[in-house]
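Please read the structure below before turning to the comments.
Residue numbers (our numbering): 10 to 507.
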């Protein structure tokens with residue numbers, strides 16, 4: 010076989026170029042062009058003129074490192090966090106918040122148009138203004154800090170640098186809760202004083218892997234879960250999982266609001282953070298929080314939106330799009346601990362939730378009971394398996410009715426990869442009057458919207474929500490209505506705000 014032909018590139022690695030930034034990429038990187046050749050430059054802001062060094066060159070484009078801002082954009086600002094450029098968490102701290110919201114709204118619009126094949130003018134006519142934050146700092150109720158050592162051998166906690174597993178030490182993260190710093194200080198100090206080693210990914214040795222911290226914003230309750238590479242066999246509440254365990258528990262329990270301290274056993278060589286075996290070593294197994302007027306219990310493994318302020322706004326929009334009057338049958342796919350499901354149960358006839366994580370389903374059932382809601386059933390399994398099986402068999406686990414097989418509303422809130430094809434096919438067979446699609450990735454959303462539109466549904470409304478301020482991510486909620494004759498058609502009037 011002949012050798013692979015070397016790709017013909019216009020520019021070389023380490024070449025220094027001056028470029029005007031005219032656009033923003035999906036992850037917030039600046040985009041500039043030189044004679045049609047595209048440069049992607051992290052930390053560059055639309056409107057900047059920058060000097061950038063080529064890091065990786067291809068035939069028609071290159072990735073470059075921002076060396077110097079020659080002329081700053083009117084949208085450029087000083088990042089609040091001193092390590093914003095090194096850390097992989099926030100990509101947009103050097104862009105004004107107002108311009109960031111515009112970028113995210115455009116990102117959703119352009120993906121739906123380009124990838125979904127929808128008409129741009131039509132999408133503009135049904136798009137409502139993005140839901141921004143009144144205060145875009147200190148909004149995260151959950152943090153997962155890897156524990157490691159730096160080059161000098163000192164224990165550190167922080168976040169991974171972008172596209173690496175190198176830990177950037179974080180003293181205080183401005184999008185996280187203030188209590189994070191005090192908790193990390195206690196953990197690192199205890200490890201140093203007791204000779205406890207951080208987990209090493211290469212060797213698989215060391216004890217402490219991550220520290221999970223969660224807080225209920227309405228309750229003020231705090232949870233700490235130490236993810237450990239524990240291999241000693243004995244596992245119960247009375248076992249010491251690491252040296253001088255009582256002392257660290259005593260120190261952590263003194264933090265105002267501390268409610269739950271646990272360990273998660275993870276002995277696998279994997280990038281997955283949490284193990285599925287959780288042992289509470291102090292306090293309660295869960296913490297609580299209130300969302301949409303409902304009280305939710307949250308365990309270490311629970312999926313719960315990390316921004317509760319924006320989650321409430323997002324869910325309220327989804328409920329509004331669902332057009333509930335108190336009689337409807339609703340399916341909520343990828344339901345997590347039942348946040349959307351139970352929020353809709355308050356104004357629906359009956360709701361069915363589907364989720365793959367067993368602990369989340371148990372949380373959802375407890376949350377329904379906790380809130381006195383008897384019109385909700387939850388099924389554990391993959392949405393793409395549970396829904397087709399339910400439809401095929403005319404029921405599931407003793408639940409069978411024409412209303413369940415042909416619901417008024419189906420709500421989907423899938424992971425980043427979007428809905429499974431079988432799930433979409435079954436949704437189309439079940440022919441709900443309305444589909445409310447909540448998405449954390451507007452690219453896969455666009456793909457699925459096209460499938461649903463081709464299957465007989467009309468896209469009626471689109472609204473983005475800034476759930477992850479200072480990052481390139483954005484949530485979106487869409488309403489689709491089934492196309493049928495005017496007599497049977499259920500109209501949901503949505504008037505975009507101007």
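Ideal Cβ placement from N, Cα and C applies to all residues, glycine included.
DSSP, reduced to helix, strand and coil, places residue 132 within a helical segment of the structure shown. Residue 180 and residue 159 have their C-alpha atoms roughly 14 Å apart. Per DSSP, the beta bridge partners of residue 39 are 33 and 50. Within its own chain, the residues whose Cβ lies closer than 7 Å to the Cβ of residue 268, once the five positions on either side in sequence are excluded, are 230, 231, 232, 292, 293 and 296, listed in chain order.
In this structure, the CA atom of residue 326 is about 20 Å from the CA atom of residue 312.
Under the DSSP assignment, residue 260 falls in the alpha helix (DSSP H) whose first and last residues are 254–262. Burial check for residue 238: the Cβ neighbour count within 10 Å reaches 16 or more, so the residue is buried.
Residue 142 is positioned such that its CB atom lies no closer than 8 Å to that of residue 386. With 16 or more other Cβ atoms from the protein chains shown falling within 10 Å of its own Cβ, residue 116 counts as buried. Cβ-Cβ distances below 7 Å link residue 71 to 20, 48, 63 and 65 in the same chain, with the five nearest sequence neighbours on each side left out; the list follows chain order. Contact between the segment 412–425 and the segment 446–466 is present: three or more C-beta pairs spanning the two stretches fall below 8 Å. Residue 92 is a Cβ neighbour of residue 177, given a cutoff of 8 Å. Cβ atoms of residue 139 and residue 114 come within 8 Å of each other, at about 4 Å. Between the segment 455–470 and the segment 123–133, the count of Cβ pairs shorter than 8 Å is three or higher; the stretches touch. Inclusion of residue 384 and residue 359 in the CB contact set at 8 Å is warranted, their separation being smaller than that value.
Sequence-distant partners of residue 37 (beyond 5 residues in either direction) whose C-beta falls short of 6 Å from its own C-beta, in its chain, are 100, 101 and 481.
The C-alpha of residue 74 is placed about 16 Å away from the C-alpha of residue 31.
DSSP places residue 325 in the helix class (H, G or I) of the three-state scheme. The beta carbon of residue 164 sits closer than 8 Å to those of 156, 157, 158, 197, 200, 201 and 207, all from its chain and outside the five residues before and after it, given in chain order. Note on residue 174: under 16 other CB atoms within 10 angstroms of its CB, so exposed under the neighbour-count rule. The residue among 439, 335, 317 and 94 with its C-alpha nearest the C-alpha of residue 227 is 317. By alpha-carbon distance to residue 240, the top candidate from 223, 224, 260 and 216 is 216. Residue 472 and residue 110 have their alpha carbons spaced roughly 12 Å apart. By the neighbour-count definition (other C-beta atoms within 10 Å, threshold 16), residue 484 is a buried residue. As DSSP reads the structure, residue 281 sits in no beta bridge.
In this structure, the straight-line span from the alpha carbon of residue 367 to that of residue 161 is close to 42 Å.
In this chain, the alpha helix (DSSP H) harbouring residue 463 covers 451–463. Looking from the CA of residue 281, the closest CA among 303, 218 and 256 belongs to 218.
Here residue 356 is not near residue 382, since their CB atoms are 8 Å or more apart. Ranked by Cα distance from residue 221, the first of 251, 154, 391 and 144 is 154.
In this structure, the alpha-carbon of residue 264 lies about 8 Å from that of residue 192. A straight-line Cα-Cα distance of about 11 Å links residue 336 and residue 416. With a cutoff of 8 Å on beta-carbon distance, residue 82 and residue 25 are scored as not near each other. Here residue 79 is exposed, its C-beta having fewer than 16 other C-beta atoms within 10 Å. Judged by beta-carbon spacing, residue 303 lies beyond the 8 Å limit of residue 342, meaning their Cβ atoms are not closer than that value.
Its Cα nearest to that of residue 375, the residue 306 stands out among 402, 306, 133 and 363.
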